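Heads up, the thing below is written out as structure tokens.
Residue numbers (the working numbering): 68 to 212.
The structure is reproduced here in structure tokens:
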């Protein structure tokens with residue numbers, strides 16, 4: 068079985084489109100269709116990062132099982148289920164929504180911190196103006212104007 072055939076088998080097992088596979092792995096559109104031989108290390112690593120349950124040996128050589136066993140990927144691995152997800156779009160959407168919510172919370176917290184820091188700087192600036200206006204000679208030695 069060629070590398071391209073193994074990729075096709077993986078895509079079929081995942082029950083996703085070729086375009087979705089390429090998108091998740093960060094590959095260009097049509098990459099898997101035009102695949103001639105085994106890709107470079109960078110592309111291979113991208114595929115394995117996107118689909119960590121896939122066995123590196125199987126992907127490269129076709130030997131062994133397509134999927135790692137549960138202890139290799141971690142029983143609670145959230146990235147790719149051991150069994151195919153019937154609707155990967157829902158899973159992706161929920162993960163993206165959670166990410167956006169987390170980023171919005173971070174942005175809100177950072178905005179509050181910036182506001183507090185700006186208020187502190189403003190108070191410090193006002194305080195230094197008062198000191199220089201109210202007591203202009205406080206730092207000058209006695210008898211010097």
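Even glycine gets a Cβ: it sits at the ideal position worked out from N, Cα and C. If you're wondering where the values come from, they're calculated on a predicted model, not measured in any experiment.
Collapsing the DSSP output to three states places residue 94 in coil. Residue environment: residue 126 is assigned as buried (16 or more neighbouring CB atoms within 10 Å of its CB, all protein chains considered). Burial check for residue 99: the Cβ neighbour count within 10 Å reaches 16 or more, so the residue is buried.
In the DSSP assignment, residue 110 falls within the alpha helix (DSSP H) that extends over 108-117. Taking residue 95 as reference, the option from 171, 181, 114 and 191 with the minimal CA-CA separation is 114.
Relative to the Cα of residue 105, the nearest Cα in the group 83, 69, 76 and 82 belongs to 69.
Take the alpha-carbon of residue 164 and the one of residue 170: they are about 10 angstroms apart. Residue 121 carries a strand assignment under DSSP once its states are collapsed to helix, strand and coil. Per DSSP, residue 72 is one residue of the alpha helix (DSSP H) stretching across 70-81. Ranked by Cα distance from residue 160, the options 172, 91 and 175 are led by 91. Comparing alpha carbon positions, the residue from 133, 173, 162 and 168 closest to residue 78 is 133.
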